[in-house]
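Just so you know, we're using my numbering here: the sequence shown kicks off at 27 and counts up by one.
Accompanying notes for the structure given below.
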Amino acid sequence: MTQSLTIPRPDDWHLHLRDGAMLKAVLPETARHFGRAIIMPNLVPPVVTAADAAAYKARIMAAMPEGADFTPLMTLYLTEETDPADVAVAASEGLVHAVKLYPAGATTNSASGVRDFDKVRPVFERMAEIGLPLCVHGEVTDSEVDIFDREAVFIDRVLDPIRRAVPELRVVMEHVTTSNAVDYVTSAEAGLGATITAHHLIINRNHILVGGIRPHYYCLPVAKRESHRLALVQAATSGDPRFFLGTDSAPHVDPAKECGCGCAGCFTATNAIPLMAEVFERAGALDKLDGFVSRHGAAFYRLPVSASTITLTRGDATTFPAKIESGDGPVTVFDPGFPVHWTVTG
Ligand code: NCD
Ligand code: ZN
């Protein structure tokens, strides 16, 4: 059995770092194992212009722990007012690596998202010309649609029409949670990738709801039934370069999760990489781990694979801190519910 594994330094292709005291608390957790991350723009107010992205990047760099080997890759939050020229300049300067589409109201801090997709068509066309990826939160927000169906319905109603209207647009379908999304991505000819989170490879909807409601497993898109989780594990461990890790690590302080109307988001920055080693080992696919966590995303984003490495070592079951402290309060670290034998040792 493999006891030690050295792979290129992983990247996180979907990460929430927040701002202020929370940023300061969670950034070291990501920077410990990851070399780069696509930074979500859903602050309050959101990161909508190149100037906003530059200012947010400066705040991230100011919060960076001493000696960290980590580069934040900034994104812009698409609104109906987004200026295609501003996006193009930010991309050409290497400041911005993607634009994020939130359907209005889909998730945490998405009220400024897009309602009328025709209004943002000029932005999509410009992005297609310059090869800038669109990161998509793929859920419809129609109150008539069941929460467990929102991803599948989004593919038919929104994503496929966008891709037909602007075929050259490069799209990342983010945090996919269904076999429908896996099938859609694998059926595409080109220009479509998908991120998968650590937690969606581990939990299904029973983990959230059976034996009591577990708020730290509640995230959006919500975890689906077991057959979908198995489809995600199959996609992630298959070696298919269209699938790559985007943790969607989304910290909320405990009081905001453990209450009458808890926020969506799982915090996995601390243990995502050891968890991935455990999941891939269980699937008999440790040889595919480096593709999923370190290579496929870089290729999609047209960036070099990291020149530095990390080493994972297998040993006795390890423990992770149950919580990290932020200046705003405690944040619970995702608990996979099974023993983890891998640690990052170098
Ligand atoms: C994210 C957050 O908290 O910002 N929450 C989540 O459940 N994933 C928003 C998001 O990415 O949907
Ligand atoms: Zn997210």
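We treat Cβ as the ideally placed atom computed from N, Cα and C, and that holds for glycine.
Enclosing beta strand (DSSP E) for residue i [first to last residue]
i, result
"ASP342", "335-344"
"HIS226", "Element bounds for HIS226: n/a, residue is neither H nor E."
"LYS50", "Not the beta strand (DSSP E): LYS50 falls in the alpha helix (DSSP H), residues 46-57."
"VAL357", "355-358"
"SER253", "Here SER253 belongs to no beta strand (DSSP E); instead the alpha helix (DSSP H) covers 252-263."
"GLU351", "349-352"
"ILE64", "62-65"
Expected contact under 8 Å - CB spacing of residue i and residue j to nearest Å
i, j, result
"GLU200", "GLY272", "6 Å"
"LEU102", "ALA116", "7 Å"
"LEU246", "LEU227", "About 16 Å separates the two Cβ atoms, so there is no contact after all."
"VAL370", "PRO300", "7 Å"
Residue range of the unbroken alpha helix (DSSP H) whose run includes residue i
i, result
"VAL115", "110-118"
Beta-carbon gap between residue i and residue j smaller than 8 Å
i, j, result
"SER253", "SER205", "yes"
"PHE150", "VAL192", "yes"
"ALA262", "PHE269", "yes"
"VAL359", "ASN297", "yes"
"THR32", "THR344", "no"
"ALA124", "LEU160", "yes"
"GLY61", "ASP112", "no"
"LYS83", "MET100", "yes"
"GLU194", "GLU177", "no"
"THR134", "ALA290", "yes"
"ALA220", "ALA207", "yes"
DSSP state of residue i mapped onto helix, strand, coil
i, result
"PRO129", "strand"
"LEU218", "strand"
"LEU41", "strand"
"MET153", "helix"
heavy atom of ligand 1 below 7 Å from residue i C-beta
i, result
"THR134", "yes"
"CYS289", "yes"
"CYS161", "no"
"ALA276", "yes"
Any non-hydrogen atom of ligand 2 within 7 Å of residue i CB
i, result
"HIS42", "yes"
"ALA111", "no"
Residue i at chain C interface by Cβ criterion, 8 Å
i, result
"GLY323", "Within the model displayed, chain C is absent; a lone protein chain is all it includes."
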